[in-house]
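Visitor:
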Amino acid sequence: MCDHCGCSTNHHHGSDDIPQKQRVQLEQDVLAHDKQHAESLRSKLRKSNSYMINVVGSPGCGKTALIAELIFRLKEKNIKTAVIEGDLATDNDAKRIAKTGAPVYQVTTGTACHLSAHDVEHAVEHLGASEETLIIVENVGNLVCPSMFDIGESLRLVCLSVTEGTDKPQKYPVSFREANLAIISKCDLLEYVDFDISESSQMMRQIHPDLDILQTSAKSGLGIEELAERIAGLCRKEP
Amino acid sequence: MHELSLAQTICQAVIPHQAEGHKIVAIVIENGPFSGVVTESLEYCFSIVAGEHGLSEAKLRVRNLQVAATCPACGGASEIDNMWAECDRCGHSPLTVDGGREFRIKEIEIEEVNHV
Numbered sequence: 014m015c016d017h018c019g020c021s022t023n024h025h026h027g028s029d030d031i032p033q034k035q036r037v038q039l040e041q042d043v044l045a046h047d048k049q050h051a052e053s054l055r056s057k058l059r060k061s062n063s064y065m066i067n068v069v070g071s072p073g074c075g076k077t078a079l080i081a082e083l084i085f086r087l088k089e090k091n092i093k094t095a096v097i098e099g100d101l102a103t104d105n106d107a108k109r110i111a112k113t114g115a116p117v118y119q120v121t122t123g124t125a126c127h128l129s130a131h132d133v134e135h136a137v138e139h140l141g142a143s144e145e146t147l148i149i150v151e152n153v154g155n156l157v158c159p160s161m162f163d164i165g166e167s168l169r170l171v172c173l174s175v176t177e178g179t180d181k182p183q184k185y186p187v188s189f190r191e192a193n194l195a196i197i198s199k200c201d202l203l204e205y206v207d208f209d210i211s212e213s214s215q216m217m218r219q220i221h222p223d224l225d226i227l228q229t230s231a232k233s234g235l236g237i238e239e240l241a242e243r244i245a246g247l248c249r250k251e252p
Numbered sequence: 051m052h053e054l055s056l057a058q059t060i061c062q063a064v065i066p067h068q069a070e071g072h073k074i075v076a077i078v079i080e081n082g083p084f085s086g087v088v089t090e091s092l093e094y095c096f097s098i099v100a101g102e103h104g105l106s107e108a109k110l111r112v113r114n115l116q117v118a119a120t121c122p123a124c125g126g127a128s129e130i131d132n133m134w135a136e137c138d139r140c141g142h143s144p145l146t147v148d149g150g151r152e153f154r155i156k157e158i159e160i161e162e163v164n165h166v
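First to last, the protein sequences are chains A and B. Position in the first sequence (from 1) plus 13 gives the number in my numbering. Position in the second sequence (from 1) plus 50 gives the number in my numbering.
1) Quick one: what's got a C-beta closer than 7 Å to B:Glu167's C-beta in the same chain, skipping five residues either side?
2) Just list the residues that DSSP pairs B:Cys137 with in beta bridges.
3) For B:Phe84, go through chain A and note every residue whose CB falls closer than 7 Å to its CB, in chain order.
4) Which term fits B:Gly104, buried or exposed, when burial requires 16 or more other beta carbons within 10 angstroms of its beta carbon?
5) Is B:Glu157 helix, strand or coil when you go by DSSP?
6) Which residues of the segment 56-71 of chain B have a Cβ closer than 8 Å to any Cβ of chain A? Give them in chain order.
7) On the three-pair Cβ rule with 8 Å, is the segment 34-43 of chain A touching the segment 154-166 of chain B?
8) Mind checking who A:Tyr118 pairs with in its DSSP beta bridge?
9) Since A:Ala81 meets chain B, which of its residues come closer than 8 Å, beta carbon to beta carbon?
10) Once DSSP output is grouped into helix, strand and coil, what is the label at A:Met14?
11) So, A:Leu147 versus A:Ser61, is the Cβ gap smaller than 9 Å?
12) Whose C-alpha, out of B:Ile74, B:Val163 and B:Asn164, is nearest the C-alpha of B:Arg111?
13) For B:Ile158, go through chain A and note every residue whose CB falls closer than 7 Å to its CB, in chain order.
14) Do A:Leu173 and A:Leu310 count as a contact pair if the criterion is CB distance below 9 Å?
15) Could you list the residues in the segment 136-166 of chain A with a C-beta less than 9 Å from some C-beta on chain B, going in chain order?
16) Might you give, ordered along the chain, the residues of its own chain that have their beta carbon closer than 6 Å to the beta carbon of A:Phe208, omitting 5 neighbours on each side?
17) Can you check the segment 38-80 of chain A for any beta strand (DSSP E) of at least 3 residues that lies completely inside it and give the ranges in chain order?
18) Considering only their Cβ atoms, is the gap separating B:Ala123 from B:Asp148 smaller than 9 Å?
19) Let me make sure I understand the geometry here. Which of B:Leu115, B:Ser128, B:Ala135 and B:His142 has the alpha-carbon closest to that of B:Ser85?
20) Cα separation between A:Met216 and B:Glu129?
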């Protein structure tokens, strides 16, 4: 029986016609859902006088070492710090951070190349970080993907090590455009590599004219106190 | 390869708009020059995941947008599609832009499924 008009023949209705295409306007931001999670987390943190920093950069650029050094300096300034580590696999970084005594929660993303606001919301719950905490999120090591995902942070720090090469800002512009603060790390190795700080900084400023750039070395301590001081200032200013 | 998760998100977002007895035949995406999304990667990832969502017949059409830029040196206006663009009038770079991070599903095209 025809399921269209109920007649007994097996004829088709409209099958010989050209199918009618219908356009449906959606105007929908693909990341709308992520952005909602990020906004809600940011406002939740603000209410509890907490502050979140999102640290992005290539694998091996020195994010974990930088964070570990920062924790010590921030402790001296009476800033309570907790850390969320993002990696595809292993809790190696969480173990390194745990040695500092700061609470740490490891997110293993499996195949995902970045942390989402939703991942971070859960991680914050696991951490049980209460009032007045600085939460430092070490994103998955990647200079590309994390750049377009707001995770609810109030400050984004991009880390570029001198061993990676001067022209990285040109090759991965979005990460530098979306960051509030750039760190040139591993500066203790400058004499061994052909990294040109002024040229690289110029490239960053071409993408992001008022970007703050700081030179650091977790090994020698260069710039760490200055960075800790700035972060402490931001934490005290919030909300 | 964040385009993989974005392709998944796009599929999940359009499915509720597929009325019964209809199929989605095209999804139109608008992609700003500073969104961080690589069109070719997105198309490739979509072709991998579309089937899982019953969208194997849907075509993904990505429109790469331009963004209006102003020259901080001469005040000239340009339409640009990358961060290194120079002012049309005086050659200055970088230019000041507002926007360019757009990444949205503009529209979908749906078609009635033929009865057999």
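Every residue gets a Cβ at the ideal spot worked out from N, C-alpha and C, and that includes glycine. All values reported here derive from a predicted model rather than from experimental measurement.
Guide: A quick look at the data gives this:
1) This structure gives no information on residue 167 of chain B, because the portion of chain B shown stretches from 51 to 166.
2) Partner(s): none; B:Cys137 has no beta bridge.
3) Val187 and Arg190
4) exposed
5) strand
6) Leu56, Thr59, Ile60, Ala63, Val64 and His67
7) yes
8) A:Ile97
9) The premise fails here: A:Ala81 is roughly 27 Å from chain B at the closest Cβ pair, so nothing lies under 8 Å.
10) Bear in mind that the predicted position of A:Met14 carries a pLDDT of just 47, short of 50, making it too unreliable to give a figure here.
11) no
12) B:Ile74
13) Val37 and Leu39
14) Since the first and last residues shown for chain A are 14 and 252, residue 310 of chain A lies out of range.
15) Asn155, Val157, Cys158, Pro159, Ser160, Met161 and Phe162
16) Val175 and Thr179
17) 64-70
18) no
19) B:Leu115
20) 22 Å
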